[in-house]
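Peer 1:
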Amino acid sequence: MKLSLRFVLPLTLVLAVFAWSIVPLVDRLTLRWFVRDMDIRSVLIVNTIGESLLEQIAAGSKVKTLNFFDRITQDERLYAVGYCATPESAPLASKLLPVDIRCDNLARFETIGGHVLKSARGLFHVTVKSMESGGMAAGKLVLVHDMNFIERRSEETRRYVFLFFVGLAIVVSLITVIIAQLSWRGWVEGIRALLRGEGLVRQPEVKFVRPEFQPIARDLQQLIRELENDARSRDEGQTNWTAESLRGILQGELRGDDVIIVSNREPYIHQRKGEHIEVQRPASGLVTAMEPIMRACSGTWIAHGSGSADRDVVDKRDHVQVPPEKPAYQIRRVWLSPEEEAGYYFGFANEGLWPLCHIAHVRPIFRSSDWAHYEAVNRKFSHAVADEAKTKAPIVLVQDYHFALLPRMIRDLLPDATVITFWHIPWPNPESFSICPWREQIVTGMLGSSILGFHTQSHCNNFVDTVDRLLEARVDRESFRVSLGGQTTAVRRYPISIDWPPAPEMVAKPVADCRDEIRRANSLPHDHALGIGVDRLDYTKGIMERFRAIERMLELKPEWIGRFSFIQIAAPTRSSIDEYQSHEAHVRALAVRINDRFSRSGRSGPPPILLKIEHHEPAQVYEHYRAAELCFVSSLHDGMNLVAKEFIASRDDERGVLILSQFTGAARELPEALIVNPYDADQCAAALHLALTMPPTEQRDRMRLMRRLIADFNVYRWAGRMLLDAAIMRRRGRLSESTTVATSGGSNG
Numbered sequence: 001m002k003l004s005l006r007f008v009l010p011l012t013l014v015l016a017v018f019a020w021s022i023v024p025l026v027d028r029l030t031l032r033w034f035v036r037d038m039d040i041r042s043v044l045i046v047n048t049i050g051e052s053l054l055e056q057i058a059a060g061s062k063v064k065t066l067n068f069f070d071r072i073t074q075d076e077r078l079y080a081v082g083y084c085a086t087p088e089s090a091p092l093a094s095k096l097l098p099v100d101i102r103c104d105n106l107a108r109f110e111t112i113g114g115h116v117l118k119s120a121r122g123l124f125h126v127t128v129k130s131m132e133s134g135g136m137a138a139g140k141l142v143l144v145h146d147m148n149f150i151e152r153r154s155e156e157t158r159r160y161v162f163l164f165f166v167g168l169a170i171v172v173s174l175i176t177v178i179i180a181q182l183s184w185r186g187w188v189e190g191i192r193a194l195l196r197g198e199g200l201v202r203q204p205e206v207k208f209v210r211p212e213f214q215p216i217a218r219d220l221q222q223l224i225r226e227l228e229n230d231a232r233s234r235d236e237g238q239t240n241w242t243a244e245s246l247r248g249i250l251q252g253e254l255r256g257d258d259v260i261i262v263s264n265r266e267p268y269i270h271q272r273k274g275e276h277i278e279v280q281r282p283a284s285g286l287v288t289a290m291e292p293i294m295r296a297c298s299g300t301w302i303a304h305g306s307g308s309a310d311r312d313v314v315d316k317r318d319h320v321q322v323p324p325e326k327p328a329y330q331i332r333r334v335w336l337s338p339e340e341e342a343g344y345y346f347g348f349a350n351e352g353l354w355p356l357c358h359i360a361h362v363r364p365i366f367r368s369s370d371w372a373h374y375e376a377v378n379r380k381f382s383h384a385v386a387d388e389a390k391t392k393a394p395i396v397l398v399q400d401y402h403f404a405l406l407p408r409m410i411r412d413l414l415p416d417a418t419v420i421t422f423w424h425i426p427w428p429n430p431e432s433f434s435i436c437p438w439r440e441q442i443v444t445g446m447l448g449s450s451i452l453g454f455h456t457q458s459h460c461n462n463f464v465d466t467v468d469r470l471l472e473a474r475v476d477r478e479s480f481r482v483s484l485g486g487q488t489t490a491v492r493r494y495p496i497s498i499d500w501p502p503a504p505e506m507v508a509k510p511v512a513d514c515r516d517e518i519r520r521a522n523s524l525p526h527d528h529a530l531g532i533g534v535d536r537l538d539y540t541k542g543i544m545e546r547f548r549a550i551e552r553m554l555e556l557k558p559e560w561i562g563r564f565s566f567i568q569i570a571a572p573t574r575s576s577i578d579e580y581q582s583h584e585a586h587v588r589a590l591a592v593r594i595n596d597r598f599s600r601s602g603r604s605g606p607p608p609i610l611l612k613i614e615h616h617e618p619a620q621v622y623e624h625y626r627a628a629e630l631c632f633v634s635s636l637h638d639g640m641n642l643v644a645k646e647f648i649a650s651r652d653d654e655r656g657v658l659i660l661s662q663f664t665g666a667a668r669e670l671p672e673a674l675i676v677n678p679y680d681a682d683q684c685a686a687a688l689h690l691a692l693t694m695p696p697t698e699q700r701d702r703m704r705l706m707r708r709l710i711a712d713f714n715v716y717r718w719a720g721r722m723l724l725d726a727a728i729m730r731r732r733g734r735l736s737e738s739t740t741v742a743t744s745g746g747s748n749g
């Protein structure tokens, strides 16, 4: 005890003296922090009140301006506010503005971080900020903060610092004494053991493991440590998902693995134009996400060869190297006959599965001949995967509802493959899906996947409920895993997104130029309000409901007649299907009726709806996004809907309003949009009026939040999360194999 006191008391005294000596440094740091805080507060106040203040000054209301200043200075730290129009003018200020501050001597206060002013009333922080209106100087705003509270804070800080170091000295001293005592005892026991001849032979590293199995045990421990590190979720630490970071995952986690992608649409299409062959790259979020994977691993992309010149450019094994300018991977093209394409793609996939999954009040059509083609085409693609696999355990990424049977077929041919299937459209509830005559075969085929991904958790829930209803499978709802026939499928939520940041050419043209050119091209006045909708001409997109909402707004708010137009870009799609032909005719007729109705009311001006049923290049679409006051997405049922995210990405001016259907996957990620029920015309009409009258500050606040989310949750994160999960699954598989070997070896011994 005496030894402990002799050690504790001197150390406590030394740390106390040290604590007292650093108090001046703490005071200086505290002052610097508070000054910086005052400057940040000043910038925030200027940004908040600047626009409103200039409006009041322009109106010439001096009394209202002074009252405005008095209300602002009710803040306990904001002491006074002043405004100087010119250096020669008298300041327009609140009552307590120090006399040392005049319009002709503001230069002495215009320093970075503000200026600390000492006066008879105490210590003050003075900030001078220049204001602008319409790009021109509009005077200077003076903000004075009371800093007398700092002395009180500094006194408290000094006291707390002193007490902290005293307490630290006591704790450190006690811990040191305890460790010294334990160490001394340990040394004594060790010397005694050596004198007895103990401890001279090293014990095995792993208890209860026979010596011949120790190497295997050490390997298992290493694998377990790696899995534990992965379980800490690298995804949460990945703050900047880019094409480069996605390549890094492939090179770090899946080095040397064989990666194959299967989709109906190919990433590059060769089309014959006269005597020349043009290479087209379809606008697709899928292509944007998957291309970095293919470039990084030199993998193979298997797709339907649909271009008019596709056969002319492939080699004898139906391969073509892409991209044309710098080949990095290869496309394997699968050829379909007109009958196969009609039955598999237009028939079962788009007249059967598409309306069944979207529940958009269009009856699905199921024909046994279509099912036969669908099954045959899926089998044809499975053989293509087996042919292209370089190893027995490739990673195969199967995309969308065209290939529901493919995962099981791949597993039959390649039992060790890791199959990741992503279903890009909604999955309905079990009652709706039960309409399909081949429901068990489809679900069984999808459960050939190692990982099965959907956009939203509700789609995952619906799929698991469907499995539970239709099959004798074991469903673990806690981990969302389904076991069927000895194989396990993990059902996961992977919300897809878009490339971030947008390609430079998409946002190169200034917003002001986009506004002028789009209005000029459509013969609209310069100040005409504009809305935009961009969709395929599909009945699930709610285009007719959108038009009825516009009609209802013009009924309720007739002041917008002649002052607002809505441009609807509708890309033709699946025009060989009767339901799509009928839908196009109804859309055209409704647009004509609405335009005729409001032109017959005796009001002149542009039509309320500008319908453009034609293909637009991505750059043209972005130009429309940037020119509009609002974007209206009214899908009746959608997996995600990337149009909503593209509109947000295009608005680097942080303006514009997104009106978004509650039946899109995007609505769960973007609550800052105006969320509507597209079937409720009155609600949608109110949202349109609200969007057209929303203040710029509120638009900016909403847009900033949505842009931040899309930047963090972009398309590379979508692909990266699936690949990380696949990498962990493959490591667990290797761990299981090692465990089996160790166990069987122990039994044989």
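Just so we're aligned: 145 in the working numbering is position 145 of the sequence shown, and the numbers increase by one with no gaps anywhere.
Positions of the beta carbon are idealized from the N, C-alpha and C atoms, including for glycine.
Between which two residues does the beta strand (DSSP E) harbouring Thr418 extend?
Peer 2: Locating residue 418 in the sequence shown gives position 418, counting from the first residue. Here the beta strand (DSSP E) through Thr418 covers Thr418 to Phe422.
Peer 1: Using a 10 Å radius around the Cβ and a threshold of 16 neighbouring Cβ atoms, would you call Met147 buried or exposed?
Peer 2: On the sequence shown, residue 147 is found 147 positions in, with the first residue counted as 1. So Met147 ends up on the buried side.
Peer 1: Please say whether Ile277 and Asp312 have beta carbons closer to each other than 8 angstroms?
Peer 2: On the sequence shown, position 312 is the one that residue 312 refers to. On the sequence shown, position 277 is the one that residue 277 refers to. Going by C-beta atoms, Asp312 is nearer than 8 angstroms to Ile277.
Peer 1: Which of the three DSSP states, helix, strand or coil, is assigned to Gly639?
Peer 2: Working through the sequence shown from its first residue, we reach residue 639 at position 639. Reduced to three states, the DSSP call for Gly639 is coil.
Peer 1: With a Cβ-Cβ cutoff of 8 angstroms, do Leu397 and Ile496 count as a contact?
Peer 2: Looking up residue 397 in the sequence shown gives position 397. Looking up residue 496 in the sequence shown gives position 496. Not closer than 8 angstroms, so no.
Peer 1: How many Å lie between Glu672 and Met703 at the Cα?
Peer 2: In the sequence shown, the residue the question calls residue 672 occupies position 672. In the sequence shown, the residue the question calls residue 703 occupies position 703. Roughly 8 angstroms separates the two Cα atoms.
Peer 1: Buried or exposed: where does Pro437 fall if 16 or more other Cβ atoms within 10 Å of its Cβ makes it buried?
Peer 2: The residue given as residue 437 occupies position 437 in the sequence shown. By the 10 Å Cβ count, Pro437 comes out exposed.
Peer 1: Buried or exposed for Gln662, going by 16 or more other Cβ atoms inside 10 Å?
Peer 2: The residue you call residue 662 lines up with position 662 of the sequence shown. Gln662 is exposed by the Cβ-count criterion.
Peer 1: Would the segment 376-395 and the segment 327-346 be scored as touching if the rule is three or more Cβ pairs under 8 angstroms?
Peer 2: Judged by Cβ distances under 8 angstroms, the segment 376-395 makes contact with the segment 327-346, as three or more pairs qualify.
Peer 1: Would you kindly work out how many angstroms separate the C-alpha atoms of Ala681 and Ala549, rounded to a whole number?
Peer 2: Taking the sequence shown and counting its residues from 1, one reaches residue 681 at position 681. Taking the sequence shown and counting its residues from 1, one reaches residue 549 at position 549. Approximately 5 angstroms, taken between the alpha carbons.
Peer 1: Hey, would you say Ile498 sits closer than 8 angstroms to Asn240, going by beta carbons?
Peer 2: For the purposes of this step, residue 498 is taken as residue 498 along the sequence shown, with counting starting at 1. For the purposes of this step, residue 240 is taken as residue 240 along the sequence shown, with counting starting at 1. Not closer than 8 angstroms, so no.
Peer 1: Within 10 angstroms of its Cβ, does Arg232 collect 16 or more other Cβ (buried), or is it exposed?
Peer 2: For this step, residue 232 is matched to residue 232 along the sequence shown. Below a pLDDT of 50, predicted positions are generally treated as unreliable, and Arg232, at 42, falls in that range; the measurement from the model is reported next regardless. Arg232 comes out exposed.
Peer 1: Ala138 by DSSP, collapsed to three states: which one?
Peer 2: Counted from its first residue, the sequence shown places residue 138 at position 138. Residue state, collapsed to three classes: strand.
Peer 1: At which residues does the beta strand (DSSP E) containing Ala131 begin and terminate?
Peer 2: Taking the sequence shown and counting its residues from 1, the one referred to as residue 131 is at position 131. A quick correction: the sequence has Met, not Ala, at residue 131. Unbroken beta strand (DSSP E) run through Met131: Gly122 to Ser133.
Peer 1: What is the rounded straight-line gap between the Cα of Trp423 and the Cα of Asn350?
Peer 2: Reading the sequence shown from its first residue, position 423 is the one you call residue 423. Reading the sequence shown from its first residue, position 350 is the one you call residue 350. Each residue's alpha carbon lies about 14 angstroms from the other.
Peer 1: Could you please give me the residues that DSSP links to Cys631 through a beta bridge?
Peer 2: Counting from 1 along the sequence shown, the entry for residue 631 is found at position 631. Paired residue(s): Ile532 and Leu658.
Peer 1: Using C-beta distances below 7 angstroms, list every residue in its chain close to Ile577, excluding the 5 sequence neighbours before and after it, in chain order.
Peer 2: One-based indexing of the sequence shown puts residue 577 at position 577. Counting only Cβ-Cβ distances below 7 angstroms, and skipping sequence neighbours, we find Phe346, Asn350 and Glu351.
Peer 1: Label Trp718 either buried or exposed according to how many other C-beta atoms from any shown protein chain fall within 10 Å of its C-beta, with 16 as the threshold for buried.
Peer 2: In the sequence shown, the residue the question calls residue 718 occupies position 718. Buried, by the Cβ-count rule.
Peer 1: Are the segment 354-366 and the segment 239-255 in contact at 8 angstroms, needing three or more beta carbon pairs?
Peer 2: Too few Cβ pairs lie closer than 8 angstroms, so no.
Peer 1: Quick check: the Cα distance between Ser466 and Leu660, rounded to an integer number of angstroms?
Peer 2: The residue labelled residue 466 in the question sits at position 466 within the sequence shown. The residue labelled residue 660 in the question sits at position 660 within the sequence shown. One point to set straight first is that residue 466 is Thr, not Ser, in the sequence displayed. Between Thr466 and Leu660, the C-alpha separation is close to 28 angstroms.
Peer 1: Taking only runs of the alpha helix (DSSP H) that begin and end inside the segment 352-411, which ones reach a length of at least 4 residues, in chain order?
Peer 2: The qualifying runs are 354-358 and 368-388.
Peer 1: Taking C-beta to C-beta, are Ile763 and Trp500 nearer than 8 angstroms?
Peer 2: Examination of residue 763 is not possible in this model, given that the chain is present from 1 through 749 alone.
Peer 1: At the level of alpha carbons, what is the spacing between Leu246 and Leu556?
Peer 2: By 1-based counting over the sequence shown, the position of residue 246 is 246. By 1-based counting over the sequence shown, the position of residue 556 is 556. The alpha-carbon atoms of Leu246 and Leu556 are separated by roughly 50 angstroms.
Peer 1: Starting from Arg707, follow the alpha helix (DSSP H) in both directions and report where the run begins and ends.
Peer 2: For the purposes of this step, residue 707 is taken as residue 707 along the sequence shown, with counting starting at 1. First-last of the alpha helix (DSSP H) with Arg707: Pro696 to Asp712.
Peer 1: Just the Cα atoms here: how many angstroms apart are Pro695 and Glu132?
Peer 2: Residue numbering aside, residue 695 sits at position 695 when the sequence shown is read from its first letter. Residue numbering aside, residue 132 sits at position 132 when the sequence shown is read from its first letter. Near 19 angstroms, if we compare the C-alpha coordinates of Glu132 and Pro695.
Peer 1: Out of curiosity, what's the CA-to-CA distance linking Leu174 and Leu168?
Peer 2: Counting from 1 along the sequence shown, the entry for residue 174 is found at position 174. Counting from 1 along the sequence shown, the entry for residue 168 is found at position 168. Their backbone Cα atoms lie some 10 angstroms apart in a straight line.
Peer 1: Give a yes or no on whether the C-beta atoms belonging to Asn522 and Ile567 are separated by under 8 angstroms.
Peer 2: Taking the first residue of the sequence shown as position 1, residue 522 is located at position 522. Taking the first residue of the sequence shown as position 1, residue 567 is located at position 567. Their beta carbons are under 8 angstroms apart, which means Asn522 touches Ile567 by this criterion.
Peer 1: Just to confirm, are Ile623 and Ala529 a CB contact at a threshold of 8 angstroms?
Peer 2: Start at 1 with the first residue of the sequence shown, and residue 623 comes out as number 623. Start at 1 with the first residue of the sequence shown, and residue 529 comes out as number 529. Just to set this straight, residue 623 is Glu in the shown sequence, not Ile. Result no, Cβ atoms of Glu623 and Ala529 do not sit closer than 8 angstroms.
Peer 1: Between the beta-carbon of Asp400 and the beta-carbon of Asn595, is there less than 8 angstroms?
Peer 2: Start at 1 with the first residue of the sequence shown, and residue 400 comes out as number 400. Start at 1 with the first residue of the sequence shown, and residue 595 comes out as number 595. Result no, Cβ atoms of Asp400 and Asn595 do not sit closer than 8 angstroms.
Peer 1: When burial is assigned at 16 or more other CB atoms within 10 Å of the CB, is Gly486 buried or exposed?
Peer 2: As a position in the sequence shown, residue 486 is number 486, starting the count at 1. Counting Cβ neighbours within 10 Å, Gly486 comes out exposed, since fewer than 16 surround it.
Peer 1: Ignoring anything shorter than 4 residues, give me the alpha helix (DSSP H) runs that lie fully in the segment 590-628, in order along the chain.
Peer 2: The qualifying runs are 618-627.
Peer 1: Between the segment 442-452 and the segment 403-421, do three or more beta carbon pairs fall short of 8 angstroms?
Peer 2: Output reads yes: the segment 403-421 touches the segment 442-452.
Peer 1: Roughly how many angstroms lie between the CA atoms of Phe750 and Pro572, to the nearest whole one?
Peer 2: With the chain covering only 1 through 749, there is no way to say anything about residue 750.
Peer 1: Assuming Ile752 and Glu584 form a contact by the criterion Cβ under 8 angstroms, report the distance between their Cβ atoms to the nearest whole angstrom.
Peer 2: Because the chain spans 1 through 749 in this model, residue 752 falls outside it and cannot be assessed.
Peer 1: Beta carbon of His616, beta carbon of Thr540: below 8 angstroms?
Peer 2: The sequence position of residue 616 within the sequence shown is 616, counting from 1. The sequence position of residue 540 within the sequence shown is 540, counting from 1. Contact flag unset, no.
Peer 1: On the three-state DSSP scale, how would you describe Arg255?
Peer 2: Numbered from its first residue, the sequence shown carries residue 255 at position 255. In the structure shown, Arg255 sits in coil (DSSP, three-state: anything other than H, G, I, E or B).
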